[in-house]
Amino acid sequence: MRAILLSFLLPFVAVAAQAADLAVTVLDRNGKPLPDAVVLVDSSVQGPRPAPVMEATVAQEKLRFLPAVTVVGLGAKVTFNNLDAWDHHVILGLMGAGGTYVDPGLNTQMRLAGRVAGKPPATESKLLSQPGAYLLGCHIHASMRGHVYVADTPWAKLAGEDGKAVIAGLPEGPARVRVWHPDQLVDGTPTAVQVNANSTALTVTTQIAPARRKKPMGDSY
Ligand SMILES: [Cu+2]
-6 MRAILLSFLL
4 PFVAVAAQAA
14 DLAVTVLDRN
24 GKPLPDAVVL
34 VDSSVQGPRP
44 APVMEATVAQ
54 EKLRFLPAVT
64 VVGLGAKVTF
74 NNLDAWDHHV
84 ILGLMGAGGT
94 YVDPGLNTQM
104 RLAGRVAGKP
114 PATESKLLSQ
124 PGAYLLGCHI
134 HASMRGHVYV
144 ADTPWAKLAG
154 EDGKAVIAGL
164 PEGPARVRVW
174 HPDQLVDGTP
184 TAVQVNANST
194 ALTVTTQIAP
204 ARRKKPMGDS
214 Y
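According to this note's numbering, the residues represented by the sequence shown are -6 to 214, in order.
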């Protein structure tokens, strides 16, 4: 009797797979929260997918790229604005191991003029059509670094200062959690998880030793 009942129920269960939120906390090699980590979740369970972020803006302000790390979906349009009074480049290219450009010859290079008071900032946009980490730099100011991560999954989020990212709308069932960070030396091993409404938190301890973050420069430059 039970077997018959299950066979009736199973198709219904498959269609009505529930979604759950997964709170992922990323820790560095010393067990401290790791900000600027990108949390990516893969799931092949059927169900609705969240819409990826297809537009983002990165500002150049006080010799920094802000935000330092941006997460977008594949094919997203990223707009760069120079808010400083002096010129900056945007050197944009896929980043390989060791934090350098995969092929500098393939980089996109833009020069954004310094901002003139009372006028809109110089701006350029670019469509990012390859998945993975892009490195941002400037020829004039070698210390300027930023990152755009183009996610190949709709479940992708930047961890906050507390190392936490809540991935919303995951279908219940098996999933895989990946973490990327600007200061990682190698790709970490993905973590297998079972997503369900009762188990909604995961801590990922990485081997990453984060570089000290650059403080904002004053206006004396
Ligand atoms: Cu610059």
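Don't be surprised by glycine CBs; every beta carbon is placed ideally from N, CA and C.
In this structure, the alpha-carbon of Gln177 lies about 15 Å from that of Gly24. For Arg104, the uninterrupted beta strand (DSSP E) run begins and ends at Thr101 to Leu105, by DSSP. Counting along the chain, Arg42 sits inside no beta strand (DSSP E), nor does DSSP assign it H or E at all. Per the DSSP secondary-structure output, Leu129 pairs in a beta bridge with Leu85 and Gly139. Secondary structure note for Ile160: its beta strand (DSSP E) is the uninterrupted segment Lys157 to Pro164. The secondary-structure analysis by DSSP pairs Val95 with nothing; it has no beta-bridge partner. Measuring C-alpha to C-alpha distances from Glu154 to each of Val62, Ala52 and Trp148 identifies Val62 as the nearest. Across the structure, Gly139 and Ala13 are spaced so that their CA atoms are roughly 32 Å apart. Taken from the Cβ of Ile133, at least one heavy atom of ligand 1 lies inside 7 Å. For the set Leu76, Val141, Trp79 and His134, the Cα lying nearest the Cα of Ala69 is the one of Val141.
Under DSSP, Ala30 takes part in no beta bridge, so it has no partner. Rounded to whole angstroms, Arg104 and Asn189 show a C-alpha spacing of 48 Å. Here Val34 is near Val170, since their CB atoms are less than 8 Å apart.
Look at Met103: its beta carbon is at least 7 Å from all of the heavy atoms in ligand 1.
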